[in-house]
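Single-structure report; data block below.
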Amino acid sequence: MLDRPAHAICALLLLATAAQAQPSTSRGQISVAQVRAMLDQAATNPTARQTLTAYLAGSGETAGWLLDSARGLPPCTRRLTLDAQQARDAIATAPATAAAETPATPLIIRDMLRRAGCRLAE
Numbered sequence: 007m008l009d010r011p012a013h014a015i016c017a018l019l020l021l022a023t024a025a026q027a028q029p030s031t032s033r034g035q036i037s038v039a040q041v042r043a044m045l046d047q048a049a050t051n052p053t054a055r056q057t058l059t060a061y062l063a064g065s066g067e068t069a070g071w072l073l074d075s076a077r078g079l080p081p082c083t084r085r086l087t088l089d090a091q092q093a094r095d096a097i098a099t100a101p102a103t104a105a106a107e108t109p110a111t112p113l114i115i116r117d118m119l120r121r122a123g124c125r126l127a128e
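For what it's worth, the numbering used here labels the leading residue of the sequence shown as 7, then goes sequentially.
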């Protein structure tokens with residue numbers, strides 16, 4: 007059985023494989039463009055849907071695991087949630103002109119933690 011970080015790695019590998027039409031950032035991070043492509047294709051493309059589900063699940067599970075592992079941090083006031091619409095909303099603020107170079111995961115995780123009422127050091 008895979009642990010949570012391994013789930014995230016598998017999800018990222020799946021996303022990178024299925025989203026070859028959209029580039030990762032120049033630093034190899036999952037880009038806003040890649041996630042937008044998966045979100046747009048998920049309704050009609052089973053591979054895109056599976057890839058998106060794996061990416062979002064891996065991101066959410068990893069964020070939860072990190073919060074559970076952190077010591078001395080106050081808990082979040084609400085449960086962590088992440089779905090396709092929440093991911094779409096989280097990356098909506100990224101400028102279209104920089105979508106290929108903007109990492110999507112930090113935007114999605116930051117939004118997820120904000121919605122759950124988690125206090126984050128800025």
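By construction, the Cβ of each residue, glycine as well, lies at the ideal position given by its N, Cα and C atoms.
Its Cα nearest to that of Gly70, the residue Arg85 stands out among Arg85, Gln35, Asp95, Thr53. Per the C-alpha coordinates, the member of Ala98, Thr103, Thr87 positioned closest to Gly64 is Thr87. Check the Cα spacing between Ala110 and each of Ala60, Arg125, Ala98, Thr83: the tightest is with Ala98.
Fewer than three Cβ pairs drawn from the region 44 to 55 and the region 118 to 125 lie within less than 8 Å of each other, which leaves the two stretches out of contact. Uninterrupted alpha helix (DSSP H) stretches at least 4 residues long and entirely within the region 30 to 86 occur at 38 to 47, 52 to 75, given in chain order. In the three-state scheme derived from DSSP, where H, G and I count as helix and E and B as strand, Pro112 is classed as helix.
With respect to the 7 Å criterion, Ala90 and Val38 are not classified as neighbours on the basis of their beta carbons. The Cβ neighbour count for Ala54, taken over all protein chains shown within 10 Å, is at least 16; the residue is labelled buried.
Taking the C-beta atoms as reference points, Ala93 is found nearer than 7 Å to Leu62. Residue range 90 to 97 is occupied by the alpha helix (DSSP H) that includes Asp95. DSSP places Ala104 in the helix class (H, G or I) of the three-state scheme.
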